[in-house]
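Numbering-wise, the numbering used here puts 231 at position 228 of the sequence shown, and it's gapless, one number per residue.
Every residue gets a Cβ at the ideal spot worked out from N, C-alpha and C, and that includes glycine.
Remember, it's a predicted structure, so these values are computed and weren't measured experimentally.
Notes for the one structure printed next.
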Amino acid sequence: MDFDGVAALKSGPAAIFVGMVPRLISGWIRRAETIVVMDADVKMEIEGKAPRILIVRLSAIGDCVLTVPLVHALRERIPGAHVSWIVDERSAPLLDGLPGLDELLVIPRRWHRSISSMLRIRRALLQRKFDITLDPQSLTKSGLISLLSGAPKRFCFARPVGRELGPWFGNVRIRPTQQHVVNQALQFMEFLGLQLPSSVKFELPQYPGTDAVLKFASVATGSADNFTIINVGAGWPSKYWSADRFAQVARYLGEHKSMASIVVWHGAERDMAVEVVAQSGGHAHLAPATNLQELATLSRAAHLFIGADTGPLHLASAVGTRCVGLYGPTDPAHCGPYGAKHRTVQPDSSVRLVRMRQTKANIWMQRISVDQVIAACQELLQDADAVTPCSVPLHGLKPSHARCAATASHIGHPPFAKGINP
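Set out below in structure tokens:
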């Protein structure tokens with residue numbers, strides 16, 4: 004097309020039509036959803052049966068951690084079920100050896116960019132003959148995996164919790180009434196005709212070969228368990244807190260609580276971690292590079308964890324460590340550390356929370372003061388009651404008939420590296 008033709012397309016009637024296409028497609032998708040949607044009226048009765056269930060939570064690390072209670076709940080209520088989980092390779096190490104999981108299926112991060120990869124994934128999933136998929140992610144990629152599985156019942160979340168094309172790929176869409184990510188995932192239980200679990204279990208594996216990081220902590224801090232972990236990292240630019248403020252908190256804990264801090268980092272965050280250590284007055288120590296399993300082992304030993312709303316924060320919470328979560332552009336009522344033995348710090352209530360990944364000003368996090376974080380730390384450290392590792396009471400959900408949670412058993416799942424790997 005010549006220059007004049009391009010200009011006409013941009014300015015003439017054709018431009019109006021082109022601009023309407025996304026709206027037309029979106030409207031068609033929403034109408035299609037209303038035709039096939041089977042939300043609150045559809046419930047299955049699978050208790051006492053042995054269905055083959057696929058959990059589709061591909062990423063991110065924190066969301067994968069917050070989905071773990073669903074595995075334990077399914078194992079408690081339907082012990083004869085075959086429960087698999089499909090995840091991308093970045094989060095897979097955390098789930099390797101997860102009690103209650105029969106099979107962990109691992110796919111490459113960019114599987115969706117290759118038709119041959121999608122075909123291989125489809126063949127592998129069809130061979131397993133899943134009856135049900137549960138998609139707490141409910142986004143385009145997770146929804147596509149559910150569709151590729153061939154499962155006759157594909158549970159996902161309706162909008163607005165489900166987003167992008169995710170709800171379109173499911174055929175049983177539920178509208179969760181709960182706000183927290185953990186409770187929303189557990190609501191799948193109700194639509195499977197199952198009782199809610201008697202407690203929420205965050206039982207992660209013990210990871211072999213990770214003891215070296217404990218030796219480092221003991222030598223650096225002079226204690227095997229009386230230390231704080233400070234995580235300077237954040238998944239979004241809008242979630243970063245400043246290095247000098249983390250350093251002030253580390254200095255306070257060292258001077259007033261005789262508690263050294265270990266600063267953990269990932270990739271390019273090392274420079275910020277070094278800055279925190281340099282400004283801490285000798286009360287903070289730079290952690291070596293750690294993988295997810297090593298970070299879980301280190302967090303399990305720590306007395307306190309401080310960090311923004313990221314995967315490491317939820318990992319520390321899951322292994323039973325007291326957590327102080329710093330929340331700016333996200334809502335702790337939706338994705339805060341689960342349970343009562345944690346504290347979240349937010350900007351002044353007059354600041355409206357907006358879920359934004361990118362912001363140079365970073366106004367939400369910068370309105371969190373050092374004094375606020377120190378106060379939250381003091382509150383947790385003064386509480387004599389220990390955090391109950393792995394299991395916490397249900398918050399906001401009431402099981403129909405409470406009973407003791409069954410001990411999750413590890414049913415021979417293969418090493419994650421042997422999962423689906425197109």
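Own chain partners of residue i with C-beta closer than 8 Å, once the 5 adjacent residues on each side are dropped
i	result
Ser221	Ala227
His286	Ala253, Arg254, Leu256, Gly257, Glu258, Ala263 and Ser264
Asp351	Arg370
Ala311	Asn234, Gly236, Ala237, Lys242, Tyr243, Trp244, Gly328, Leu329, Tyr330, Gly331 and Met368
Asn365	Pro240, Ser241, Tyr243 and Gly331
Gln375	Val348
Gly225	Ala263
Beta-carbon proximity check, residue i vs residue j, cutoff 8 Å
i	j	result
Thr426	Ile56	Absent from the structure is residue 426, since the part of the chain shown begins at 4 and ends at 425.
Pro170	Arg162	yes
Trp244	Ile371	yes
Pro155	Asp134	yes
Lys204	Gly331	no
Val322	Ala290	no
Val90	Leu101	no
His317	Thr231	no
Arg166	Leu147	no
Leu197	Arg80	yes
Three-state class that DSSP yields for residue i in the structure shown
i	result
Arg370	coil
Leu108	strand
Leu137	strand
Pro81	The sequence shown places Ile at residue 81, not Pro. The answer is coil: DSSP assigns Ile81 none of H, G, I, E or B.
Ile232	strand
Ser117	coil
Lys204	strand
Leu61	coil
Gly146	helix
Ser226	coil
Ala188	helix
Ser94	coil
Asn424	Residue placement at Asn424 is flagged as unreliable, the pLDDT there being 37, under the threshold of 50; the coordinate-derived value follows with that caveat. Reduced to three states, the DSSP call for Asn424 is coil.
Ala263	strand
Lys132	coil
Ala220	helix
Thr300	helix
Gly314	helix
Lys52	coil
His345	strand
Trp244	coil
Ser152	helix
Cβ neighbours of residue i in the same chain (closer than 6 Å, five flanking residues each side left out)
i	result
Leu150	Phe172
Ile64	Ser94 and Gly314
Ser213	First, the amino acid is wrong: residue 213 is Thr here, not Ser. Only Gln296, Glu297 and Thr300 meet the Cβ criterion.
Ile309	Ile233 and Val327
Ala319	Ser302, Phe308 and Cys326
Ala281	none
Residue closest to residue i, alpha-carbon to alpha-carbon, out of the options
i	options	result
Thr333	Thr347, Asn294 and Asp138	Thr347
Asn186	Gly103, Phe160, Glu167 and Gln209	Phe160
Phe194	Arg178, Lys204 and Pro208	Arg178
Ala304	Arg325, Thr136 and His317	Arg325
Ile49	Asn174, Ser283, Arg126 and Arg78	Arg78
Lys132	Gly284, Pro102 and Val86	Val86
Ser261	Leu295, Gly314, Lys344 and Gly284	Gly284
Ser145	Lys242, Gly328 and Arg60	Arg60
Ala292	Ala276, Leu307, Gln282 and Ala281	Ala276
Val74	Trp114, Ala127 and Met192	Met192
Thr313	Pro340, Gly323, Asn294 and Ala336	Pro340
Ser302	Leu142, Leu384, Gln282 and Asn229	Asn229
Val164	Gln140, Ser320 and Ser117	Gln140
Pro208	Ala215, Asp274 and Val68	Val68
Asp105	Gln282, Trp114 and Trp88	Trp88
Close Cβ partners of residue i (< 7 Å) along its chain, the five nearest in sequence each way excluded
i	result
Val373	Arg248, Gln251 and Val252
His279	The sequence shown places Val at residue 279, not His. Once the five neighbours on either side are set aside, the close Cβ partners of Val279 are Ile233, Val235, Ala246, Phe249, Ala250, Ala253, Val266 and Ala287.
Leu400	Here Leu400 scores only 49 on pLDDT, less than 50, and its place in the model should not be relied on; the value that follows carries that caveat. Cβ within range, chain order: Gln181, Asn186, Leu189 and Leu199.
Ala84	Ala53, Pro54, Ile56 and Leu77
Ala379	Val327, Arg346 and Val348
Glu272	Val235 and Gly236
Arg125	Leu151
Thr136	Leu57, Val59, Ser149, Ser152, Ala154, Arg157 and Phe158
Asn294	Pro96
Cβ-heavy atom distance, residue i to the ligand GTP, below 7 Å
i	result
Val90	Among the components modelled here there is no ligand, and therefore nothing to report on the ligand GTP.
Test: residue i CB closer than 8 Å to a CB of chain C
i	result
Gln182	Note that chain C does not occur in the displayed structure, where there is just one protein chain.
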